[in-house]
Amino acid sequence: MIKAHPDLLVRVRPNGLEDTPQFKLDIDQEKAQALGVSVSDINQTISTALGGTYVNDYIDRGRVKKVYVQADAPFRMLPADINRLYVRSANGEMVPLSAFSESHWIYGSPRLERYNGTPSMEILGEAAPGKSTGEAMALMEQLAAKLPTGIGFDWDRHVLPGTAVRQPGTCPVTPSRWWWCSSVWQRCMKAGRFRFQ
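Residues 2 to 198 (the numbering used here) are what the sequence shown spells out, left to right.
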């Protein structure tokens, strides 16, 4: 949609990092439940084996040492090692993780972007040479109106030095505001706090 308007918008691009390979583990919750394994037990097992879990402290020669439980390094380095883990079921049996899960590689964002608590994507761009920022923003508003229901947009308030952006919803300068600003300016100049050199 945006590429169809090179006369108004230039250098339009998404902001963020390229998608990266990620290892995804799909848990069949119904199958796990049928085997007597809870989701919290699955999370605890994976977290402990790969990341480690604090257990307790002990005293060694007068110093307190922390005890962590974790799978030994050679058994937690490869994605295939996850399928070799076992989870204790409700009746005490050890169930292999591979009995109710599948794993595969996917591409995904290395970082989840949010704006006002909602998943989002930041798109950067500029008005074409000879076009105003207001014209470019009006075009973006027209294009955003064509988006499916549930998808919206908002203007970010970042303004780079030397650029002027019309911010929707901003108030124009009223005579009283102008008078107040100019009187503060004059008082500062008279006080000698600001001098131009």
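Don't be surprised by glycine CBs; every beta carbon is placed ideally from N, CA and C.
Is residue 9 near residue 140, with beta carbons less than 7 Å apart?
Residue numbering aside, residue 9 sits at position 8 when the sequence shown is read from its first letter. Residue numbering aside, residue 140 sits at position 139 when the sequence shown is read from its first letter. Yes, the pair counts as a contact, with Cβ atoms nearer than the cut-off.
By the DSSP assignment, the beta strand (DSSP E) with residue 28 in it spans what residues?
Translated into the one-based positions of the sequence shown, residue 28 becomes position 27. From DSSP, the beta strand (DSSP E) with residue 28 extends over 21 to 28.
Can you find the residues in the same chain that come closer than 6 Å, C-beta to C-beta, to residue 29, ignoring five residues on each side of it along the sequence?
Locating residue 29 in the sequence shown gives position 28, counting from the first residue. Contacts found: 101.
Can you tell me which of the three DSSP states residue 62 falls into?
Here residue 62 refers to the residue found at position 61 of the sequence shown. Looking at residue 62 - three-state DSSP - the assignment turns out to be coil, as it is neither helix nor strand.
Run through the DSSP bridge pairs and tell me what residue 103 is partnered with.
As a working mapping, residue 103 is identified with position 102 in the sequence shown. Bridge pairing for residue 103: 27 [DSSP].
Residue(s) in a DSSP beta bridge with residue 67
As a working note, residue 67 is residue 66 in the sequence shown. DSSP lists 58 as partners of residue 67.
Between the C-alpha atoms of residue 39 and residue 115, what's the straight-line distance to the nearest angstrom?
Here the question's residue 39 lines up with position 38 in the sequence shown. Here the question's residue 115 lines up with position 114 in the sequence shown. Rounded to whole angstroms, residue 39 to residue 115 spans 30 Å at the Cα level.
DSSP bridge partner residues for residue 128 (one or two, in chain order)
Looking up residue 128 in the sequence shown gives position 127. According to DSSP, which records beta bridges pairwise, residue 128 is partnered with 10.
Quick one, are the C-beta atoms of residue 86 and residue 35 less than 7 Å apart?
For the purposes of this step, residue 86 is taken as residue 85 along the sequence shown, with counting starting at 1. For the purposes of this step, residue 35 is taken as residue 34 along the sequence shown, with counting starting at 1. Against a cut-off of 7 Å, the Cβ pair of residue 35 and residue 86 comes out as no contact.
DSSP on residue 75, reduced to helix/strand/coil?
For this step, residue 75 is matched to residue 74 along the sequence shown. Of the three classes helix, strand and coil, the one that applies to residue 75 here is helix, per DSSP.
Check whether residue 88 and residue 42 have beta carbons under 7 Å apart
Within the sequence shown, the letter at position 87 stands for residue 88. Within the sequence shown, the letter at position 41 stands for residue 42. Yes; because the gap between Cβ atoms is below 7 Å, this pair is in contact.
Taking the alpha-carbon positions, what's the residue 121 to residue 111 distance?
Locating residue 121 in the sequence shown gives position 120, counting from the first residue. Locating residue 111 in the sequence shown gives position 110, counting from the first residue. Roughly 14 Å separates the two Cα atoms.
Spatial neighbours of residue 46 in its chain, beta-carbon cut-off 7 Å, leaving aside the 5 residues before and after:
For the purposes of this step, residue 46 is taken as residue 45 along the sequence shown, with counting starting at 1. Excluding sequence neighbours, residue 46 sits near 86 and 88.
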